[in-house]
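Mapping the sequence shown onto our numbering, position 398 (from 1) lands on 945, and the numbers just tick up by one.
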Amino acid sequence: MCGIFALTQHREAAHIAFLGLFALQHRGQESAGLATLNQGHISVHRDIGLVSDIFTAETLARLPGTAALGHVRYSTAGGDARGNIQPLAARVNGINVALAHNGNLVNAPELRDDLERRGAIFQGTADTEIILHLLAQAPGADLGAKMKHVSGLLEGAFTLVLMTPTHLYACVDALGYRPLSLARLNSELDSDAQPSWVVASETCAFELVNGKFERDILPGEMVEIELATGKLTSHTLPDRHGADKAQARRCVFEQIYFARPDSQLWGQSTFLFRETLGAKLAEQAPVDADLVIPIPDSGVPMAMGYARASKIPYAIGLIRNHYVGRTFIEPTQTIRNFRLRLKLSPLRQIIEGKRLVVVDDSIVRGTTSRRIVELLREAGALEVHMRIGSPPVKFPCFYGIDTPKRRELLAQQMNMSEMRETLHVDSLAYLNIDTLHQMAAPQQRSANGQSGFCDSCFSGCYSDKFAQRRLREEHAQPSGVQS
Ligand code: SF4
């Protein structure tokens, strides 16, 4: 999972892009980078760490230019090696470019093998470098034509932004797994004659820089922005899936968990989407209780919805320490366990003697949920009823969200009553998958009436043969079950 922010035609491109990356920090906390364009020359600064640590007044001063491309990274493919920090900068057919990518290519191993057989040398292990090599070898009169050609070779999830001395290109894969949106900057911020365009993974980044939301970049679309004039042209990318299969597969987990609640994702408020899921959950899985409490922060909107619909009072029962990173995206189990104790503190005065409905967005391995229930019981909770605002996660994601292997997923290993026992809860209920699909806004629906959401991690139905094969390979590996 990563975040991309780019802008054109701005005198303070590096500073604005820094703010944009800051707003997208939740999408990746391992590393960040920024490339700026100044009279055909690309300057880059990239490092491991948080945006606020990497970019200082001095480093931003060394990034001159009127266009910028930034990236925050959480490694889901290729590991966290320094060579994988984005944006990647290179010379492609004699032209300076910078490239940033969000998502996972499911056919990356096949593409890499093929390129290596033909003599390509790789510096890192991330999918993004494959795209640079493909660009260098692609036919086409200019980099826009090459990008279109290359996008037709990629399978899986990708949002890509390419900055060249003359253009900014922003692409979304044909199935639209990851969000990418377009905005204009307010005139107070930019008095230049040409429009200043902003491209970002989430609209919360527009809010911070006073950008005016223009529209989402559509599945299978490439937006071309001419830097000299600000002229914007939309292109259709080659469709690998054929007209009959073409339907959006937007990642519903972005809506459920990953995106910031103040973002508008694919035309829907993330906060309101989650709040409504919570209300639906209350209708589907009611329980007699004294308080509804969220697992902060991701469970807050769902718990509010559950409380609204059930008429059970909402309360804060766990206090989160915001100076500790999100446990879900910490790479090792040891650190995850250690961090949970630092991160959540139960409010005994609220919890003691109460029957609690505890609402969270999802259960992955179950380790965190089990420890939270322990914390609540130690603080005197009489009953703990767990309610989850998404269906059980039973299958891995191959499209850019770092879910564990299939055999490590709690709902894959156990049935409901076993999970209830393992989590030590009085009752457990998940949101129905059909309800989740019904929640898609009309504008998200595909032409065939389907919700336009990907649900592979719940259903195990993958849209491409590469992911299906990877699931079979994973299944064939020896088991090392942990819960
Ligand atoms: S498998 Fe799940 S997490 Fe991955 S893209 Fe699909 S909905 Fe999102």
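Glycine included, each C-beta is placed from N, C-alpha and C at the ideal position. Treat the numbers as computed from the prediction; the structure is a model and nothing was measured.
Check: residue i C-beta below 7 Å from any heavy atom of the ligand SF4
{"i": "V770", "result": "no"}
{"i": "Y724", "result": "yes"}
{"i": "V719", "result": "no"}
{"i": "F800", "result": "yes"}
{"i": "C944", "result": "yes"}
{"i": "G980", "result": "One point to set straight first is that residue 980 is Ile, not Gly, in the sequence displayed. No, the Cβ of I980 stays beyond 7 Å of every heavy atom of the ligand SF4."}
{"i": "I948", "result": "yes"}
Contacts around residue i, its chain only, beta-carbon distance under 6 Å, and the 5 residues preceding and following it disregarded
{"i": "W744", "result": "T555, I772"}
{"i": "G580", "result": "R593, H618, I632, Q633, P634"}
{"i": "G578", "result": "Residue 578 is actually Ser in this sequence, not Gly. Excluding sequence neighbours, S578 sits near I595, R620, I632."}
{"i": "F1013", "result": "V653, N654, E702"}
{"i": "L707", "result": "H648, C718"}
{"i": "A683", "result": "V639"}
Residue i versus the options, residue with shortest Cα-Cα distance
{"i": "I803", "options": "L891, S599, C1001", "result": "C1001"}
{"i": "Q991", "options": "R797, F945, Q684", "result": "R797"}
{"i": "G699", "options": "I678, D689, P712", "result": "I678"}
{"i": "P808", "options": "I764, T817, F800", "result": "T817"}
{"i": "Q985", "options": "G996, A976, T750", "result": "G996"}
{"i": "D1011", "options": "L755, F945, Q576", "result": "F945"}
{"i": "F705", "options": "S993, A958, M694", "result": "M694"}
{"i": "R638", "options": "L755, H680, I898, H562", "result": "H680"}
{"i": "L701", "options": "T675, P938, L709", "result": "T675"}
{"i": "T711", "options": "D689, L729, S728", "result": "D689"}
{"i": "I764", "options": "Y977, K827, A795", "result": "A795"}
{"i": "H1022", "options": "M963, L978, T783, E955", "result": "E955"}
{"i": "M963", "options": "I910, C1004, A647", "result": "I910"}
{"i": "F602", "options": "S857, I563, H573, T982", "result": "I563"}
{"i": "I948", "options": "H557, P848, A806, L715", "result": "A806"}
{"i": "R659", "options": "F669, G650, N651", "result": "F669"}
{"i": "S1003", "options": "P938, A994, L957, M961", "result": "P938"}
{"i": "N649", "options": "E657, R574, P656", "result": "R574"}
{"i": "Q576", "options": "N651, M548, R895", "result": "M548"}
{"i": "I897", "options": "A926, N640, L707", "result": "A926"}
{"i": "L784", "options": "A636, R895, Y716", "result": "Y716"}
{"i": "P893", "options": "A928, D786, Q1015", "result": "A928"}
{"i": "Y977", "options": "V940, A988, Y1009", "result": "V940"}
Proximity test, residue i beta-carbon vs the ligand HEM heavy atom, cut-off 7 Å
{"i": "S1003", "result": "The ligand HEM is not part of the structure shown, which contains the ligand SF4 as its ligands."}
Nearest-angstrom beta carbon gap, residue j and residue i [assumed within contact, 8 Å]
{"i": "G864", "j": "G825", "result": "The pair is not a contact, with the Cβ atoms about 16 Å apart (cut-off 8 Å)."}
{"i": "G550", "j": "L566", "result": "Not a contact, Cβ separation roughly 13 Å."}
{"i": "R888", "j": "V653", "result": "Actually they are not in contact, since the Cβ atoms of R888 and V653 sit about 37 Å apart, beyond 8 Å."}
{"i": "G1007", "j": "F942", "result": "4 Å"}
{"i": "G936", "j": "L828", "result": "6 Å"}
{"i": "T982", "j": "Q831", "result": "7 Å"}
{"i": "R967", "j": "Q959", "result": "Between Q959 and R967 the Cβ distance is about 16 Å, and since that is not below 8 Å, they are no contact."}
{"i": "G691", "j": "H714", "result": "6 Å"}
{"i": "V906", "j": "V839", "result": "6 Å"}
{"i": "L709", "j": "L779", "result": "Not confirmed; about 15 Å, so no contact."}
{"i": "L812", "j": "E801", "result": "6 Å"}
{"i": "F569", "j": "V598", "result": "5 Å"}
Own chain residues within Cβ distance below 7 Å of residue i, not counting five before or after
{"i": "A560", "result": "L554, T583, G612, T613, A614, A615"}
{"i": "A685", "result": "K693, H696, V697"}
{"i": "T606", "result": "H592"}
{"i": "V834", "result": "V904, H932, S974"}
{"i": "R867", "result": "P843, D844, K890, L891"}
{"i": "R1019", "result": "none"}
{"i": "L610", "result": "A561, L581, T583, S590, H592"}
{"i": "T508", "result": "Given that the chain is displayed from residue 548 to residue 1030, the structure contains no residue 508 and the question cannot be resolved."}
{"i": "G846", "result": "V906, D907, D908"}
{"i": "F753", "result": "A730, V745, A747, F760"}
{"i": "S810", "result": "E749, T750, C751, T817"}
Contact set for residue i: own chain, Cβ-Cβ below 8 Å, skip 5 residues either direction
{"i": "A790", "result": "Summary for A790: the model assigns pLDDT 47, below 50, so the residue's position carries little reliability; its value from the coordinates is reported in the next sentence. Contacts found: none."}
{"i": "R731", "result": "P742, S743, W744, V745, G758, K759, E761"}
{"i": "G587", "result": "N643, P712"}
{"i": "I980", "result": "P938, D1002, F1005, S1006"}
{"i": "N733", "result": "N757, G758, K759"}
Under 8 Å, with one C-beta from each stretch per pair, do the segment 759–779 and the segment 714–723 reach the 3-pair mark?
Contact between the segment 759–779 and the segment 714–723 is present: three or more C-beta pairs spanning the two stretches fall below 8 Å.
Can we say the segment 970–989 touches the segment 915–922, given the rule of at least three CB pairs closer than 8 Å?
A contact exists between the segment 970–989 and the segment 915–922.
When the Cβ atoms of the segment 900–920 are set against those of the segment 931–947, are three or more pairs found closer than 8 Å?
Taking 8 Å as the limit for Cβ pairs, the verdict is that the segment 931–947 does touch the segment 900–920.
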